[in-house]
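Engineer: Going by full-length UniProt numbering, the first residue of the sequence shown is number 1, and it counts up by one from there. Where is the CB? At the ideal position from N, CA and C, for every residue including glycine. Given the structure is predicted, the values throughout are model-derived calculations rather than measurements. Following this message is one structure expressed as structure tokens.
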Amino acid sequence: MRNAVDIKTLADVKEKVKHEKRTHCLVLNKYRVNELLKNKDAKIWFLNIFRFPSVLKFREYQGCLVETGPYDGEVLRFIHSYVESLGGGEVSGQVSGQVNDQLSCQMTSHANDSQAGTPLADAPLADCRLIPLNARFNRALHELMQREGKGVLEGVDMRPEEGDERDVAAEGGGVEDVAQQGAAHQDAPPALEKLLRVIKAEGIQIRTIQLQFGYDNMNTSQVLRKVFPSESEVIHKYEMIGHIAHLNFCERFENHKKVIAEIILDKNKSIRTVINKKDSLKNVHRTFTIELLAGEENYLTMLRENDIKVKLNYELMYWNSKLKKERDRIYSLVENNSIVVDVFAGVGIFSLHLSKKNCLCFSNDINLHAYNFMNVNIKLNKRRSILTYNLDARAFVCMLLRLGIFSRDTSTLAMQLGEQNWRNVSLDFVNSAGRDVVDAGKGKKRAADCKVDCKEDCKEDCKEDCKEDCKEDFADERFANKR
């Protein structure tokens, strides 16, 4: 198997992730399949692999069946014997005859090939279906047979299938699991027992099959874990901005970032562009240098958030999809019919959302591109109670104060500063050397009227920055613990 260092192209990835699985499967008439699939106790033992059918046509997969000599017949005979010991009774009539035919067919030396390949005595091959079983079934069956001095065929897979997310812990994943819960050690898990009863009652055959899986049977995370099995920091999550996937790579993945981007692009049909951020957000517009890793060079995109259409050019303006929870939190705090001032509005998502509450929104951004898209989004969503501005933040606040829309007894400017923003954005806005926060007409509220909301563990650092930028000490009572 190739090492991750050898992976250069998507073709290399597809070659690396190929694998085989040997497992048991049920063989039954196609007219019995739907009834079996509706049986919840039976279904939890079926193989569940990404984009791999749960039910296979016998003719198409006949070549995958493994010749095991008498083994398959012994397994079926064991199941019948086990069910009878539980009080399963004898099967009767046509079903009983079919079972006997199956057992006779499987226990022979397979001298007659046509007979050996026939799963059901009276069913044509076109009417036969295969249902592969999962590793939990193999393990539980092995534990049952081991007590009788028998064992599951060597090479049968007993490892949990990657991507099989069905939780059967409550039903019991194996005989040992049931024993730990206080059940009789010799008993099968209840769900398995029900499947074994169905196998006997319906005359279903057990065979061993070897299946091949690969790239098409794995989702993005499964492929990345297979290609980079020793790396815990491989990107499995990324920010989505419309059709754009935004990744942040650490240095050790520098040589593999393009092939990782190709995997993400190929596995997600809604993604057309995959990019990497090459530098930090240092400029006033909070934009960054984009590195195109895969797909089309198209950064004009459309997304939806809370039933709001948002159009933007990701190359020219700031947007963070991960802040949705914070935007929802702010939305829940604002009362209906409020006056909302969004000083750093970007493309206007806060105002677009809050306008649903009949709020009058003053929405500003210094970035002309963001301002233009803000107006586009207002028209796109048919909003009317949003006034937009393209000003420096301080000039915008001073303009609002001159409008006289705030109450006369307002004497404190309170800002909740996020950890990533209070150093490089918010504190600079609150004050700078020799400048006032608000207009003289409001009584020249200086830095002494400002409160800072920050986490306890960063208070001392924040105090030092406040002293340096505002040229005065900030007392402890002017710092509130961030919630």
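1. So for His369, helix, strand or coil by DSSP?
2. Take every Cβ of the region 241-254, pair it with every Cβ of the region 269-277, and state whether three or more of those distances are shorter than 8 Å.
3. Looking only at its chain, what residues have a beta carbon closer than 8 Å to the beta carbon of Val55, apart from the 5 residues adjacent to it on each side?
4. Is Lys311 a contact residue of the ligand SAM, with contact defined as CB to any heavy atom under 7 Å?
5. So, under 8 Å CB-CB, Lys16 and Val227 are touching, yes? Tell me the CB distance rounded to an integer number of Å.
6. For Asn337, does the three-state DSSP call read helix, strand or coil?
7. State whether the region 330-342 contacts the region 250-257, with contact taken as three or more CB pairs (one from each stretch) at a distance under 8 Å.
8. Based on the DSSP output, what are the partners of Ser363 in its beta bridges?
9. Give the DSSP-derived three-state secondary structure of Val55 in the structure shown.
10. Please tell me whether Leu293 and Ala261 are closer than 8 Å, where the distance is taken between their beta carbons.
11. Just to confirm before moving on: does the CB-CB distance between Leu400 and Val341 stay below 8 Å?
12. Which of the three DSSP states, helix, strand or coil, is assigned to His142?
13. So the candidates are Gly404, Thr208, Gly214; which of them puts its Cα closest to the Cα of Glu20?
14. Please classify Arg197: is it buried, with 16 or more other beta-carbons within 10 angstroms of its beta-carbon, or exposed?
15. At what residues does the beta strand (DSSP E) containing Asn29 begin and finish?
16. Among residues of its own chain, excluding the 5 on either side of Val347, which ones have a beta-carbon nearer than 7 Å to its beta-carbon?
17. Can you confirm whether Arg225, when its beta carbon is compared against all beta carbons of chain C, has any partner nearer than 8 Å?
18. Just checking my contact of Gly151 with Arg22 at CB under 8 Å: how many whole Å lie between their CB atoms?
19. Please report the distance separating the alpha-carbon of Val83 from that of Leu144.
20. Who does Gln205 pair with in a DSSP beta bridge?
21. On the criterion of 16 or more Cβ atoms from any shown chain inside 10 Å, does residue 514 qualify as buried, or is it exposed?
22. Give me the DSSP bridge partner(s) of Thr301.
Structural biologist: Here's the rundown:
1. helix
2. yes
3. Val33, Leu37, Arg129, Leu130, Ile131
4. For the structure depicted, the ligand SAM is absent and the ligand set is empty, with no information on it obtainable.
5. 6 Å
6. When DSSP states are grouped into helix, strand and coil, Asn337 belongs to the coil group.
7. no
8. Asp342, Thr388
9. coil
10. yes
11. yes
12. Of the three classes helix, strand and coil, the one that applies to His142 here is helix, per DSSP.
13. Gly214
14. buried
15. 19-29
16. Val310, Leu312, Met317, Trp319, Ala370, Phe373, Met374, Asn377
17. The question asks about chain C, but that chain is absent: this structure has only one protein chain.
18. Between Arg22 and Gly151 the Cβ distance is about 14 Å, and since that is not below 8 Å, they are no contact.
19. 12 Å
20. Val27
21. The first residue shown for the chain is 1 and the last is 483, placing residue 514 beyond what the model contains.
22. The secondary-structure analysis by DSSP pairs Thr301 across a beta bridge with Leu312.
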